[in-house]
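Going by this note's numbering, the first residue of the sequence shown is number 7, and it counts up by one from there. The beta carbon of each residue, even a glycine, is placed where N, CA and C say it ideally should be. All of these numbers come straight from a predicted model, not from anything done at the bench. Let me begin by presenting the structure, written as structure tokens, before commenting on it.
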Amino acid sequence: MSLYVKQLNPNACRTYLVGAEGSDQAVLIDPVLDHLDDYRELVSGEGLSLIRVIDTHTHADHISGAAALKDMLDCSYLMHEAAPARCAETRVAGGDTLELLGEQVQVLHTPGHTRDSICLVCPRWVFTGDTLFLDDGGAGRDDLPGGDPGEHWESLRKLEALPEDLIVLPAHDYRGRQPSALKRQRSSNPHLKPRSREEFVRYLEDLRLGPADWMKDVLKANYACARDPRAAWIPVDTPACEVKGTLDTGVNEIQVMAITVPELKSRLKAGEKPLLLDVREEHELHGELGHLEGIRHIPIGHLAHRLDELGEAADRDIVTVCRSGARAHTAAQILRQAGFPRVSVLEGGMIAWKLQWP
Ligand SMILES: [Fe+2]
7 MSLYVKQLNP
17 NACRTYLVGA
27 EGSDQAVLID
37 PVLDHLDDYR
47 ELVSGEGLSL
57 IRVIDTHTHA
67 DHISGAAALK
77 DMLDCSYLMH
87 EAAPARCAET
97 RVAGGDTLEL
107 LGEQVQVLHT
117 PGHTRDSICL
127 VCPRWVFTGD
137 TLFLDDGGAG
147 RDDLPGGDPG
157 EHWESLRKLE
167 ALPEDLIVLP
177 AHDYRGRQPS
187 ALKRQRSSNP
197 HLKPRSREEF
207 VRYLEDLRLG
217 PADWMKDVLK
227 ANYACARDPR
237 AAWIPVDTPA
247 CEVKGTLDTG
257 VNEIQVMAIT
267 VPELKSRLKA
277 GEKPLLLDVR
287 EEHELHGELG
297 HLEGIRHIPI
307 GHLAHRLDEL
317 GEAADRDIVT
327 VCRSGARAHT
337 AAQILRQAGF
347 PRVSVLEGGM
357 IAWKLQWP
């Protein structure tokens with residue numbers, strides 16, 4: 007049987023549905039509690055039966071949907087044997103071979119981001135969790151409880167030893183990057199830059215990241231198999247798990263301009279008509295911060311796939327807008343990389359707008 011994969015979720019956490027041609031069985035990898043209804047709709051809409059959920063590691067930026075799905079759909083829940091979540095009753099270790107919908111899948115134990123991180127090596131893809139992201143996204147951070155940069159370096163060597171045509175499917179992407187082969191990652195991903203263990207550890211230590219307290223709360227919620235989205239507070243705008251590639255790899259972030267609220271106001275007053283691109287979720291437009299007049303709305307998770315809708319704006323000034331500026335920055339990067347020349351980010355987002363209005 008031949009496996010297929012669908013990438014789910016509109017935001018930066020990536021969940022994958024794995025199915026097999028000619029079978030009604032499916033597996034979800036790294037489900038997010040907030041999207042449970044979407045998964046259930048998808049699975050029943052396609053006449054599938056969810057037989058297993060897998061977490062590639064204990065997540066620190068979202069509450070896993072695996073425990074709740076296990077309860078609701080009576081499927082099995084698989085994690086590495088070191089995972090603290092007791093509700094994950096199926097355990098694997100590095101070197102195990104897992105039968106996934108008729109295919110043999112190799113389990114790699116890849117500690118570093120967390121102690122319980124695994125990568126799953128399928129015939130055509132490798133699910134890398136937070137052990138390896140795409141391109142300049144680098145990989146997941148190693149400064150959370152249980153993280154270890156030296157172990158991460160060793161885990162990356164295991165990935166490097168895999169066939170180079172495997173497609174990398176990570177648990178996160180914050181900037182609309184598209185999956186590509188390990189071969190490409192060898193040249194585009196700073197985490198795979200050849201360097202010694204010591205150099206790698208020094209690089210990460212020099213970043214001086216500190217885990218936000220909310221991430222420790224999310225870890226605890228996942229240790230306890232939380233089924234309630236309110237079990238931990240999670241900010242919406244933060245690319246929390248990503249250690250951006252900042253080494254000299256030739257893959258650099260494109261600089262984007264910022265525009266302040268007073269500047270934007272005076273330009274609007276002067277009759278200028280920049281395209282105001284709001285990249286928040288639909289419900290946020292109708293929340294207490296409201297939205298600007300005449301906006302174009304494309305949520306950040308959809309932007310990379312809907313760029314052709316902005317074709318007529320190729321020569322216009324575009325101002326990207328979100329709640330605080332973080333998603334708008336990501337949106338501006340996506341637009342600049344796609345060739346839109348005049349893009350700026352509304353500094354401080356709608357929060358700043360609201361504070362400085364009228
Ligand atoms: Fe993670």
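- Cβ contact annotation for Ala72 (same chain, cutoff 6 Å, sequence separation greater than five): Pro37, Val59, Asp61 and Tyr83, in chain order.
- Secondary structure at Ile69: coil, using DSSP grouped into helix, strand and coil.
- Under the criterion of beta carbons closer than 8 Å, Thr120 and His63 qualify as touching, at roughly 4 Å.
- With a minimum length of 3 residues, the unbroken runs of beta strand (DSSP E) contained wholly in the stretch 84–111 fall at 96–98 and 103–106.
- Per DSSP, the continuous alpha helix (DSSP H) segment holding Phe206 begins and ends at Arg203 to Leu213.
- The C-beta of Asp148 has 16 or more other C-beta atoms within 10 Å across all chains shown, which makes the residue buried.
- Close CB contacts of Arg92 within its chain, under the 8 Å cut and outside five residues either way in sequence, are with Cys231 (chain order).
- Counted as a single uninterrupted DSSP element, the stretch harbouring Ile357 is not any beta strand (DSSP E) but the alpha helix (DSSP H) occupying residues Gly355 to Leu361.
- In this structure, Leu140 places its C-beta atom within 8 Å of the C-beta atom of Ser186.
- Listed as beta-bridge partners of Thr62 by DSSP are no residues whatsoever.
- Annotation for Gly25: no alpha helix (DSSP H) segment contains it, though the beta strand (DSSP E) segment containing it runs Thr21 to Ala26.
- Our two residues, Ser123 and Trp131, have alpha carbons roughly 17 Å apart in a direct line.
- Per DSSP, Lys271 lies in no beta strand (DSSP E); the unbroken alpha helix (DSSP H) holding it starts and ends at Val267 to Lys275.
- Ser82 sits in a strand when the DSSP states are folded into three classes.
- Cβ contact annotation for Arg20 (same chain, cutoff 8 Å, sequence separation greater than five): Gln13, Leu14, Asp36, Leu175, Pro176, Ala177, His178 and Asp179, in chain order.
- The closest CA to that of Leu56, considering only Val24, His158 and His41, is found on Val24.
- Distance between Gly300 and Arg183, taken at the CA atoms: about 29 Å.
- Within the DSSP secondary-structure output, Gln343 pairs in no beta bridge.
- Bounds of any beta strand (DSSP E) do not take in Ser8, whose DSSP letter is neither H nor E.
- Within the stretch 284–343, the complete alpha helix (DSSP H) segments of 4 residues or longer fall at 288–291, 306–309 and 332–343, listed in chain order.
- Ligand 1 approaches Ala177 closely enough that one of its heavy atoms is under 7 Å from the residue's Cβ.
- When rounded, the separation of the alpha-carbon atoms in Leu361 and Leu352 is 13 Å.
- Contact between the stretch 275–295 and the stretch 316–329 is present: 3 or more CB-CB pairs across the two stretches fall below 8 Å.
- Here the alpha carbons of Phe206 and Ile304 stand approximately 38 Å from one another.
- Checking the DSSP bridge columns, you'll see His178 partnered with Cys19.
- Close CB contacts of Asp40 within its chain, under the 8 Å cut and outside five residues either way in sequence, are with His68, Ile69, Gly71 and Pro235 (chain order).
- Trp131 sits in a strand when the DSSP states are folded into three classes.
- The shortest C-alpha to C-alpha distance from Leu198 to any of His335, Leu225, Ser272 and Leu168 is the one to Leu168.
- Taking 7 Å as the cut-off, the C-beta of Asp44 does not count as close to any heavy atom of ligand 1.
- Minimum Cα-Cα distance from His115 among the listed residues Ala145, Gly108, Leu162 and Gly146 corresponds to Leu162.
- Residue Ala332 holds the alpha-carbon nearest to the alpha-carbon of Gly355 among Ala332, Pro347, Phe346 and Ile340.
- For Leu172, the closest C-alpha among the options Ser194, Leu188, Asp323 and His65 is that of Leu188.
- In this structure, the alpha-carbon of Gly53 lies about 43 Å from that of Val349.
- By the 16-neighbour rule on beta-carbons within 10 angstroms, Thr103 is exposed.
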